[in-house]
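Novice: Okay, handing you the structure first.
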Amino acid sequence: MSGYRINQQQARVKLVLSHLIQNEVKDPRLGFVSVTDVRLTKDLAQCKVFISVFGSNDKVEESLKALKSARGYLRKEMSKRANLRRAPELIFEHDDSLNYGSHINKLLKEVEEDVK
129 MSGYRINQQQ
139 ARVKLVLSHL
149 IQNEVKDPRL
159 GFVSVTDVRL
169 TKDLAQCKVF
179 ISVFGSNDKV
189 EESLKALKSA
199 RGYLRKEMSK
209 RANLRRAPEL
219 IFEHDDSLNY
229 GSHINKLLKE
239 VEEDVK
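What follows is the structure, encoded as structure tokens:
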């Protein structure tokens with residue numbers, strides 16, 4: 129399958145999963161979750177979903193547990209709404225890149241202040 133087609137499907141899956149998680153999953157353990165990236169394998173058998181959670185590490189763990197328990201519903205609805213013939217297995221992972229970016233910005237500001 130071409131890279132262009134995979135990219136299109138990843139964008140569609142990201143949009144659909146974002147909508148489902150924010151509007152249709154009614155689990156009290158689920159915090160403020162954003163889907164930051166989606167990676168489909170070439171055979172569309174697996175889909176890694178990277179999420180960012182606003183809050184503490186405990187909130188991240190609780191949100192991951194909530195998403196794992198809603199995995200079947202999300203998989204079924206995502207394949208229907210994204211028009212995928214095959215429903216890929218969903219694998220949820222925490223995306224820590226926002227925190228890492230914030231840390232790098234803080235370090236750069238410290239270096240800038242030291243230079244002055």
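Using our numbering, read the sequence shown as starting at 129 and increasing by one per residue.
Beta carbons are placed, not taken as given, at the ideal position from N, Cα and C, and that holds for glycine.
(1) For Arg157, which residues from the same chain have a beta carbon less than 7 Å from its beta carbon, with the 5 sequence-adjacent residues on both sides left out?
(2) In the structure shown, what three-state DSSP assignment does Val153 receive?
(3) Rounded to the nearest angstrom, what separates Lys234 and Arg167 at their Cα positions?
(4) So, Asn210 versus Val153, is the Cβ gap smaller than 8 Å?
(5) Looking only at DSSP bridge pairs, what is Leu218 linked to?
Specialist: Working from what's here:
(1) Glu190, Ser191, Lys193, Ala194
(2) coil
(3) 29 Å
(4) The residue asked about is misnamed: residue 210 is Ala in this sequence, not Asn. No; because the gap between Cβ atoms is not below 8 Å, this pair is not in contact.
(5) Cys175
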